[in-house]
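Residue numbers (my numbering), protein chains in the order written: chain W, 1211 to 1551; chain S, 1211 to 1551.
Note that the Cβ used here is the ideal one computed from N, Cα and C, for glycine as well.
What you are looking at is a predicted structure, and each value in this text was computed from that prediction instead of being measured.
Number of protein chains: 2
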Amino acid sequence: MLTERQRLILNAIVDDYIRSAEPVGSRSISKKSGVGYSPATIRNEMADLEELGFLEQPHTSAGRIPSAKGYRYYVDHLVRIGEVDEEDLRCVRSFFARKMTRMEQIIQHAAMILASLTNYTSIVLGPEVFSNSLKAFQLVPLNDQSAVAIIVTNTGHVENRTISIPPGFDINELEKVVAILNAKLVGVPLHRLQTKLYTEVSEELNRYVSHCEEIIDTLAQALEQRTEHRAFTSGTSNMLTQPEFRDVNKVKSILEWLDETPALVRSFSPKQEGIQVRIGQENADEALQNCSLITATYVVDGTTIGTIGLLGPMRMDYGKAITLMDILSKDLAAVLAKWYN
Amino acid sequence: MLTERQRLILNAIVDDYIRSAEPVGSRSISKKSGVGYSPATIRNEMADLEELGFLEQPHTSAGRIPSAKGYRYYVDHLVRIGEVDEEDLRCVRSFFARKMTRMEQIIQHAAMILASLTNYTSIVLGPEVFSNSLKAFQLVPLNDQSAVAIIVTNTGHVENRTISIPPGFDINELEKVVAILNAKLVGVPLHRLQTKLYTEVSEELNRYVSHCEEIIDTLAQALEQRTEHRAFTSGTSNMLTQPEFRDVNKVKSILEWLDETPALVRSFSPKQEGIQVRIGQENADEALQNCSLITATYVVDGTTIGTIGLLGPMRMDYGKAITLMDILSKDLAAVLAKWYN
DNA sequence: GTTAGCACTCGACGTCGGTGAGTGCTAACC
DNA sequence: GGTTAGCACTCACCGACGTCGAGTGCTAAC
């Protein structure tokens, strides 16, 4: 619905504002190479764009800044994706060339790189293992009264819980328990473990092992405490370098939000595949009204298991951010796929 | 070396300044109950205290604020420890009454409570497992090419690595490998595992299993990547509520420091037992010159395995902070001791 | 449709005097 | 000799005021 010239001007304004963080005037747009119009013409178009809701004016005698709607249009239609800085690319590649032995570590480091290359704040949600299936189960006794229960999932994720052994339970029978549990439960999705424990495993176990009700109860209880999503953030302090957050009160609510894992998880959870950009008020969360959040999902063994996010001011370098996240999430998927096979 | 009256006045000034964050004048001290001197007398003493280096004056016509030396004296000689708010105590107790099944979780939550009760920033260094000994070893194959190696330590800590299985290695022999490793390595401290692998285990393994050099190499390599100290912070945003950090630039370096795990670990590492207070420049780290850091160690099974820290401005409520950390670290030790037995 | 010209707006910045909290010093008091 | 009242002095803070300049909207000419 915008004319070609309006798109050109909107694009120029957003680009300029992303760079400078200061209201853009008609003169500076006019001077740009590629724009062959005088300031007056630009002004007319800017007035129109403001009327249409794409631009805003902080006060009468200032230049224009993009509105949320303006950014949305920019992201949807104007932004150039795919142009990468050579240096950045080399940085990413050399990172993925390194050898790592823990999935969480890989993902965390990827997020750190993202934060340092973009100068925004990155957020990783730990792997969602809820829909994984059980690969192996182990019980390691620590002493007479407690043991460590270990669960390995099909994606190579390891969970552990310390449980207390019911008094009267013969510790030598643990092996039997483990064998039966493994026989019955391998391949079962984690979220069905509890039910299975009580239905199918219970009677089987009763046949061979005494005092087993208590241990089943204990295990079920330990499983109850589903691993809360762990969230890792990096580059939090980058938020403070943004001129729009020079005022402490503006950053405070954002940092509080970053501190608070549940809010973070909630905001991420309607996870759609691929890369998503939420601008300003599109974020449900009060604290993020002045921010933009870009999210990308990552995949192991065919299922989406987690999300990487990048948080910045609304005046974010969307082109660079989206491009980098695209590269990163694809490389990540490739590495994880190859690794897991 | 200070007279009783000087101590009284210094104490009053520090208390006042901790509360108000504003330079303290002679008049307000004089009005305090328990101080029976006129402003003029107080002024004389204040001038002396300043000459001795315990106080500072932001500018001529302002009141006095404590210097780092003043805080140090306050912490060493004046601060009242042990007075707890009933509400806080109830909060701590109710926390420890909850049932938890993961050690890390307990410690993290303890730190979160500390942060929310004090309104400062708390830092937890993940358990130092380097000196733990091996309790059990497991290998869980994920597919033909990779497996998860799991290590359980005597304190119930679980470590895991994904390793790739050398081509040509018979996957059915993994069990044998595990059995031999367990027979040979249980009880060995983690930091000696690598050496032991090559010396004692190697030849034994050679006798029963073919292609075992590669797997030993892989394992040794995985162990090489010693788990970096994980650090968890909570209450980061509390830093922003402190009036001394209303200026973004002042907080920035601190948040950067908090972001950067290695610096954090370094600063914590000369860990002495018990509670320690480092004020301002006593912190080696540049970023913390305007902060105070209180650290407390926690203990499982007789050995110190980690540290909890509390970071605030120099103008910190030392009494409350130290008291709470004392209670918390003791309760924590009690719970962990009972839990592990 | 485009552009030059011009009056107008309004935040940023520097200056300036008034205000008040707090000091140091001196001299009087107990 | 220690304590205190009195007083002149200092200096950050604050609101008022004027200047400056970037940027606008509008009009008229091209």
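With 8 angstroms as the threshold, decide whether the Cβ of E1232 of chain S is near any Cβ in chain W. Taking the second sequence and counting its residues from 1, one reaches residue 1232 of chain S at position 22. Not one chain W Cβ lies under 8 angstroms of E1232 of chain S.
Are any of the Cβ atoms in chain S nearer than 8 angstroms to that of R1308 of chain W? Here residue 1308 of chain W corresponds to residue number 98 of the first sequence, with the count starting at 1. For R1308 of chain W, the answer is no, since every Cβ of chain S falls outside 8 angstroms of its Cβ.
Straight-line Cα distance separating S1236 of chain S from R1253 of chain S: Numbered from its first residue, the second sequence carries residue 1253 of chain S at position 43. Numbered from its first residue, the second sequence carries residue 1236 of chain S at position 26. For R1253 of chain S and S1236 of chain S, the distance between alpha carbons rounds to 6 angstroms.
Secondary structure of P1399 of chain S, DSSP reduced to three states: If you number the second sequence from 1, residue 1399 of chain S lands on position 189. Under the three-state reduction of DSSP, P1399 of chain S is assigned to strand.
Pick from W:S1447, W:T1517, W:I1504, W:D1469: whose alpha carbon is nearest that of Y1330 of chain S? One-based indexing of the second sequence puts residue 1330 of chain S at position 120. When the alpha-carbon of Y1330 of chain S is set against those of W:S1447, W:T1517, W:I1504, W:D1469, the nearest one is in W:D1469.
Is it the case that the Cβ atoms of I1373 of chain W and L1429 of chain W are separated by a distance below 8 angstroms? On the first sequence, position 163 is the one that residue 1373 of chain W refers to. On the first sequence, position 219 is the one that residue 1429 of chain W refers to. Contact: yes.
Please identify, using Cβ separations under 9 angstroms, the residues of the stretch 1309-1321 of chain S that lie next to chain W, in order along the chain. Against chain W - using a Cβ distance shorter than 9 angstroms - the residues of the stretch 1309-1321 of chain S are K1309, M1310, T1311, R1312, M1313, Q1315.
Can you tell me which residues form a DSSP beta bridge with P1268 of chain W? Position 58 of the first sequence holds residue 1268 of chain W. Note: P1268 of chain W sits in no beta bridge, so no partner.
Taking the beta carbon of I1381 of chain S as the centre, do at least 16 other beta carbons fall within 10 Å, making it buried, or is it exposed? Translated into positions along the second sequence, residue 1381 of chain S becomes position 171. Burial is judged here by how many other beta carbons sit within 10 angstroms of a residue's own beta carbon; I1381 of chain S has fewer than 16 and is exposed.
is_contact[G1397 of chain S, chain W] using C-beta, thresh 8 angstroms: Locating residue 1397 of chain S in the second sequence gives position 187, counting from the first residue. Any Cβ of chain W closer than 8 angstroms to the Cβ of G1397 of chain S would place that residue at the interface, and such an atom is absent.
Is the beta carbon of I1333 of chain W sitting closer than 8 angstroms to the one on T1443 of chain W? Reading the first sequence from its first residue, position 123 is the one you call residue 1333 of chain W. Reading the first sequence from its first residue, position 233 is the one you call residue 1443 of chain W. At a Cβ-Cβ threshold of 8 angstroms, I1333 of chain W and T1443 of chain W count as neighbours.
Just the chain S side, please: which residues come within less than 7 angstroms of T1513 of chain W by C-beta, in chain order? As a first step, residue 1513 of chain W is located in the first sequence; it is residue number 303 there, counting from the start. Identification of chain S residues near T1513 of chain W by a Cβ-Cβ cut-off of 7 angstroms yields none; the smallest Cβ-Cβ distance measures about 15 angstroms.
Let's see if you can read the secondary structure: which residues bound the beta strand (DSSP E) around Y1508 of chain S? Along the second sequence, one-based indexing puts residue 1508 of chain S at 298. Element bounds for Y1508 of chain S: 1501-1510.
Quick one, which of W:V1350, W:E1369, W:K1394, W:G1378 has its alpha-carbon nearest E1385 of chain W's? Start at 1 with the first residue of the first sequence, and residue 1385 of chain W comes out as number 175. E1385 of chain W has its Cα closest to that of W:V1350, out of W:V1350, W:E1369, W:K1394, W:G1378.
Give me, in chain order, the residues of the same chain whose beta-carbon lies closer than 6 angstroms to that of D1226 of chain S; leave out the 5 immediate sequence neighbours on both sides. Numbered from its first residue, the second sequence carries residue 1226 of chain S at position 16. Leaving aside the five residues that flank D1226 of chain S on each side, the residues in its chain whose CB is nearer than 6 angstroms to its CB run, in chain order, V1234.
Do three or more CB pairs link the stretch 1488-1495 of chain S to the stretch 1279-1287 of chain S at distances below 8 angstroms? They touch, by the three-pair rule.
With respect to the alpha helix (DSSP H) encompassing K1242 of chain W, which residues constitute its N-terminal and C-terminal limits? As a working mapping, residue 1242 of chain W is identified with position 32 in the first sequence. Counting along the chain, K1242 of chain W sits inside no alpha helix (DSSP H), nor does DSSP assign it H or E at all.
Along chain S, which residues have their Cβ under 9 angstroms away from the Cβ of V1510 of chain W? Against the first sequence, residue 1510 of chain W aligns to sequence position 300. In chain order: nothing, as chain S lies at least about 11 angstroms away.
How would you label P1268 of chain W, buried or exposed, when you count the other beta carbons within 10 angstroms and need 16 or more for buried? The count along the first sequence starts at 1 and reaches residue 1268 of chain W at position 58. Around the beta-carbon of P1268 of chain W, fewer than 16 other beta-carbon atoms lie within 10 Å, marking it exposed.
State the CB to CB distance for the pair L1542 of chain W and A1320 of chain W, rounded to an integer number of angstroms; the pair is presumed to be in contact (CB under 8 angstroms). Along the first sequence, read from residue 1 onward, the residue named residue 1542 of chain W stands at position 332. Along the first sequence, read from residue 1 onward, the residue named residue 1320 of chain W stands at position 110. Sure, about 6 angstroms apart at Cβ, within 8 angstroms.
With a cut-off of 8 angstroms on the beta carbons, I'd call L1538 of chain S and V1302 of chain S a contact; round off their distance for me. For this step, residue 1538 of chain S is matched to residue 328 along the second sequence. For this step, residue 1302 of chain S is matched to residue 92 along the second sequence. The beta-carbon separation of L1538 of chain S and V1302 of chain S, rounded to 6 angstroms, stays under the 8 angstroms limit for a contact.
Consider the Cβ of K1345 of chain S: report whether some Cβ of chain W lies at a distance smaller than 8 angstroms. Within the second sequence, the letter at position 135 stands for residue 1345 of chain S. Interface with chain W (8 angstroms Cβ-Cβ cutoff): K1345 of chain S is included.
Extent of the continuous beta strand (DSSP E) run through N1370 of chain S: Here residue 1370 of chain S is taken as the residue at index 160 of the second sequence, counted from 1. The continuous beta strand (DSSP E) containing N1370 of chain S extends over residues 1368-1374.
Measuring straight from C-alpha to C-alpha, what distance separates R1440 of chain W and L1433 of chain W? As a working mapping, residue 1440 of chain W is identified with position 230 in the first sequence. As a working mapping, residue 1433 of chain W is identified with position 223 in the first sequence. Straight-line Cα distance between these residues: approximately 16 angstroms.
Report yes or no: do three or more beta-carbon pairs, one from the stretch 1335-1351 of chain W and one from the stretch 1517-1532 of chain S, lie closer than 8 angstroms? Put simply, the stretch 1335-1351 of chain W does not touch the stretch 1517-1532 of chain S. Fewer than three CB pairs are less than 8 angstroms apart.
Is R1253 of chain S helix, strand or coil when you go by DSSP? Translated into positions along the second sequence, residue 1253 of chain S becomes position 43. Looking at R1253 of chain S - three-state DSSP - the assignment turns out to be helix.
Apart from the five residues just before and just after A1325 of chain S, which ones in its own chain have a Cβ nearer than 7 angstroms to its Cβ? Counting from 1 along the second sequence, the entry for residue 1325 of chain S is found at position 115. The beta carbon of A1325 of chain S sits closer than 7 angstroms to the beta carbons of T1331, S1332, S1444, G1445, N1448 from its chain, once the five residues preceding and following it are set aside; these are given in chain order.
With DSSP as the reference, identify every bridge partner of Q1486 of chain W, one or two as the case may be. As a position in the first sequence, residue 1486 of chain W is number 276, starting the count at 1. The beta-bridge partner set that DSSP reports for Q1486 of chain W consists of W:T1505.
Is L1352 of chain S close to chain W? Criterion is C-beta to C-beta, closer than 8 angstroms. Within the second sequence, residue 1352 of chain S is the residue found at index 142, counting from 1. Yes - at least one Cβ of chain W is within 8 angstroms of the one on L1352 of chain S.
Which residues in chain W sit within 7 angstroms of E1466 of chain S, going by Cβ to Cβ distance? Here residue 1466 of chain S refers to the residue found at position 256 of the second sequence. By Cβ distance, chain W contributes S1447.
Which one of W:R1488, W:N1364, W:V1358, W:S1248 has the shortest CA to CA distance from N1353 of chain S? Your numbering for residue 1353 of chain S matches position 143 in the second sequence. Nearest C-alpha to N1353 of chain S: W:N1364.
Run the CB neighbour count on K1548 of chain W, radius 10 Å, all protein chains shown included, and call it buried at 16 or more, exposed below. By 1-based counting over the first sequence, the position of residue 1548 of chain W is 338. Here K1548 of chain W is exposed: its Cβ has fewer than 16 other Cβ atoms, across all protein chains shown, within 10 Å.
Can you list the residues of chain S that Q1404 of chain W reaches, using a CB-CB cut of under 9 angstroms? Walking along the first sequence from the start, residue 1404 of chain W turns up at place 194. What Q1404 of chain W touches in chain S: nothing, since even the nearest Cβ is about 14 angstroms away.
Starting from the Cα of K1540 of chain S, find the closest Cα among S:M1526, S:V1510, S:Y1528 and give me that residue. The residue you call residue 1540 of chain S lines up with position 330 of the second sequence. Here the closest residue by C-alpha is S:V1510.
Could one say the Cβ of V1461 of chain S lies closer than 8 angstroms to chain W's Cβ atoms, at least one of them? The sequence position of residue 1461 of chain S within the second sequence is 251, counting from 1. Chain W, which has a Cβ nearer than 8 angstroms to the Cβ of V1461 of chain S, makes this yes.
Measure the C-alpha to C-alpha separation of I1532 of chain S and K1462 of chain S and round it to an integer number of angstroms. As a working note, residue 1532 of chain S is residue 322 in the second sequence. As a working note, residue 1462 of chain S is residue 252 in the second sequence. I1532 of chain S and K1462 of chain S have their C-alpha atoms spaced approximately 26 angstroms apart.
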